[in-house]
Amino acid sequence: MQTPKIDFAAVQQAFLAAGFDLVGVTDCTPLTGARLARWLARGYAADMEWIARSFRSRVDPRRLLPGCRSIVVAAAAYE
113 MQTPKIDFAA VQQAFLAAGF DLVGVTDCTP LTGARLARWL ARGYAADMEW
163 IARSFRSRVD PRRLLPGCRS IVVAAAAYE
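Using our numbering, read the sequence shown as starting at 113 and increasing by one per residue.
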(Lines of atoms letter the chains of each structure in order from A and count residues from 1; the text may use other names and numbers.)
(Lines give C-alpha, C1' and ligand atoms only; values in the text may rest on other atoms or scores of the structure.)
Protein backbone atom coordinates (compact mmCIF):
# COMPACT_ATOMS: atom_id res chain seq x y z
CA MET A 1 0.00 0.00 0.00
CA GLN A 2 1.38 3.38 -0.99
CA THR A 3 1.35 6.20 1.56
CA PRO A 4 -0.45 9.27 0.21
CA LYS A 5 1.59 12.43 -0.26
CA ILE A 6 0.67 15.38 1.95
CA ASP A 7 0.84 18.92 0.62
CA PHE A 8 3.10 20.78 3.06
CA ALA A 9 1.82 24.17 1.88
CA ALA A 10 -1.73 23.16 2.86
CA VAL A 11 -0.58 21.86 6.25
CA GLN A 12 1.45 25.02 6.85
CA GLN A 13 -1.49 27.24 5.90
CA ALA A 14 -3.80 25.36 8.28
CA PHE A 15 -1.39 25.81 11.20
CA LEU A 16 -0.79 29.48 10.40
CA ALA A 17 -4.56 30.05 10.13
CA ALA A 18 -4.92 28.41 13.56
CA GLY A 19 -2.60 31.04 15.04
CA PHE A 20 0.81 29.37 14.98
CA ASP A 21 3.77 31.55 13.99
CA LEU A 22 6.12 28.91 12.58
CA VAL A 23 5.55 25.50 11.02
CA GLY A 24 8.07 22.92 9.88
CA VAL A 25 8.46 19.24 9.12
CA THR A 26 11.26 16.89 10.13
CA ASP A 27 11.88 13.18 9.78
CA CYS A 28 11.74 10.68 12.64
CA THR A 29 15.45 9.91 12.70
CA PRO A 30 16.58 9.27 16.30
CA LEU A 31 18.79 11.91 17.89
CA THR A 32 22.00 11.03 19.72
CA GLY A 33 20.63 12.52 22.92
CA ALA A 34 23.98 14.09 23.83
CA ARG A 35 22.57 17.60 23.99
CA LEU A 36 19.60 16.59 26.15
CA ALA A 37 21.90 14.52 28.39
CA ARG A 38 24.15 17.56 28.97
CA TRP A 39 21.12 19.76 29.66
CA LEU A 40 19.83 17.28 32.23
CA ALA A 41 23.30 16.83 33.80
CA ARG A 42 23.52 20.59 34.32
CA GLY A 43 20.29 20.50 36.30
CA TYR A 44 18.30 22.62 33.86
CA ALA A 45 15.25 20.37 34.24
CA ALA A 46 14.93 21.48 37.89
CA ASP A 47 11.92 19.64 39.35
CA MET A 48 10.72 18.36 35.96
CA GLU A 49 11.96 14.82 36.56
CA TRP A 50 9.55 13.46 33.94
CA ILE A 51 11.93 14.80 31.28
CA ALA A 52 14.70 12.43 32.38
CA ARG A 53 12.24 9.56 32.84
CA SER A 54 11.14 9.88 29.22
CA PHE A 55 14.67 10.39 27.84
CA ARG A 56 14.62 7.45 25.41
CA SER A 57 11.28 8.49 23.91
CA ARG A 58 12.46 12.08 23.61
CA VAL A 59 15.48 11.14 21.50
CA ASP A 60 13.65 8.55 19.37
CA PRO A 61 10.16 9.67 18.30
CA ARG A 62 9.45 6.21 16.87
CA ARG A 63 9.16 4.91 20.43
CA LEU A 64 6.08 7.10 20.87
CA LEU A 65 4.84 6.88 17.28
CA PRO A 66 5.76 3.49 15.78
CA GLY A 67 5.91 3.72 12.01
CA CYS A 68 6.40 7.48 12.14
CA ARG A 69 8.09 8.93 9.07
CA SER A 70 7.61 12.68 9.55
CA ILE A 71 6.73 15.07 12.35
CA VAL A 72 5.01 18.43 11.96
CA VAL A 73 6.44 20.98 14.39
CA ALA A 74 4.62 24.23 15.18
CA ALA A 75 5.54 27.17 17.39
CA ALA A 76 3.54 30.06 18.79
CA ALA A 77 5.02 33.19 20.31
CA TYR A 78 3.66 34.26 23.67
CA GLU A 79 4.27 37.09 26.08
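C-beta atoms are modelled at their ideal positions from N, C-alpha and C, and glycine is treated no differently. None of the values given here were measured: they were computed from a predicted structure.
So, F120 versus G145, is the Cβ gap smaller than 8 Å?
-> By 1-based counting over the sequence shown, the position of residue 120 is 8. By 1-based counting over the sequence shown, the position of residue 145 is 33. Between F120 and G145, the C-beta gap is not smaller than 8 Å, which leaves the two residues out of contact.
Pairing CB atoms from the segment 170-182 with CB atoms from the segment 133-153, are three or more of them under 8 Å?
-> Because the criterion of three Cβ pairs below 8 Å is met, the segment 170-182 and the segment 133-153 touch.
Beta-bridge partners of S182, as assigned by DSSP = Start at 1 with the first residue of the sequence shown, and residue 182 comes out as number 70. Beta-bridge partners of S182 (DSSP): D139.
What is the residue span of the alpha helix (DSSP H) that Q124 lies within?
-> Looking up residue 124 in the sequence shown gives position 12. For Q124, the enclosing alpha helix (DSSP H) starts and ends at F120 to A129.
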